[in-house]
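Structure first, then comments.
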Amino acid sequence: DISDLWNPKFHIKLNNNVVTFGSCFAQHIGNAMKDRGFQWLSTETPPLGLSETNCKKFNYNIFSARTGNIYTTSLLKQWTEWALGKKEIPKEVWLKDERYYDPFRPAIEPNGFASKKEAGESLLQAVQSFRQSIKKADYFVYTLGLTESWFNSEHGYEYPMCPGTVAGEFDETKHKFVNQEFNQIKKSLSQAIELMREVNPKLQFILTVSPVP
Numbered sequence: 004d005i006s007d008l009w010n011p012k013f014h015i016k017l018n019n020n021v022v023t024f025g026s027c028f029a030q031h032i033g034n035a036m037k038d039r040g041f042q043w044l045s046t047e048t049p050p051l052g053l054s055e056t057n058c059k060k061f062n063y064n065i066f067s068a069r070t071g072n073i074y075t076t077s078l079l080k081q082w083t084e085w086a087l088g089k090k091e092i093p094k095e096v097w098l099k100d101e102r103y104y105d106p107f108r109p110a111i112e113p114n115g116f117a118s119k120k121e122a123g124e125s126l127l128q129a130v131q132s133f134r135q136s137i138k139k140a141d142y143f144v145y146t147l148g149l150t151e152s153w154f155n156s157e158h159g160y161e162y163p164m165c166p167g168t169v170a171g172e173f174d175e176t177k178h179k180f181v182n183q184e185f186n187q188i189k190k191s192l193s194q195a196i197e198l199m200r201e202v203n204p205k206l207q208f209i210l211t212v213s214p215v216p
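For the sequence shown, this note's numbering gives the first residue as 4, with consecutive numbering after it.
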């Protein structure tokens, strides 16, 4: 609709597989592409017969896999390392009101999981689906979201949000806040892209910025 502002490096064809991940605005990109007839790829489809309302409630077809929001480039790198077997998926699970929550997708199940096993299996499915997104995509759209991040200083992995907000308990001795700077953000993004291209050398990337202040 708006022309002559820039010259894109490539043009996406209608039959190209496009995946979308990142902060919350990425879902609007996926929806816009579907509405315009592009091949938006979902590698983690909802259970057969699940209503459209419940698909949205349980976070299916929001992103190309059921990862939840990937707010930072370091989280993107973390998901990529898990998907490609570079790092082990953590076993940490949070308990709240006798329900179990995935620390890396705290809001993915509105009422949590019935058991630690169920939470772990769901995360593993999301990681495997994320791997399929990397392998099958022609274009990987990533929406950069935040500089603010929370890490487990004991084990080194990152959470998408502060423990104790949706679920879990905040522990100031091991939960560390990091406001990431440019060089750190760029390095994580470059490393994630390099890792993805190890399994899909032809993968092209489109970076967007969330317009949400």
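For glycine and all other residues, C-beta sits at the position ideal for the given N, C-alpha and C.
Computed from a predicted model, the values in this text were never measured in an experiment.
For this session: Please report how far the alpha carbon of R39 lies from the alpha carbon of H178, in whole angstroms.
Result: 43 angstroms
Problem set entry | Whole-angstrom distance between E121 and E197, CA atom to CA atom | In a straight line, the C-alpha of E197 is about 32 angstroms away from that of E121.
Exercise. So which of E84, F154, G71 has the shortest CA-CA distance to E201?
Worked result: It is E84.
Problem set entry | DSSP state of H2 mapped onto helix, strand, coil | The displayed coordinates of the chain run from 4 to 216. Any statement about residue 2 would go beyond what the structure contains.
Exercise. Start and end of the alpha helix (DSSP H) containing F133?
Worked result: Element bounds for F133: 119-139.
For this session: Please name the residue, chosen from Q207, R108, M164, that lies closest to E124 on a Cα-to-Cα basis.
Result: R108
Exercise. Can you tell me where the alpha helix (DSSP H) with E201 in it begins and where it stops?
Worked result: 185-202
Problem set entry | Cβ neighbours of I92 in the same chain (closer than 7 angstroms, five flanking residues each side left out) | W85, L126, L127, V130
For this session: Only counting runs of 4 or more residues, tell me where the alpha helix (DSSP H) segments fall wholly within the stretch 34-94, in order along the chain.
Result: 55-60, 76-86
Exercise. Secondary structure at N182, three-state DSSP: helix, strand or coil?
Worked result: strand
Exercise. Quick one, are the C-beta atoms of Q30 and I65 less than 7 angstroms apart?
Worked result: yes
Exercise. Which class does I111 belong to by DSSP, given the choice of helix, strand or coil?
Worked result: coil
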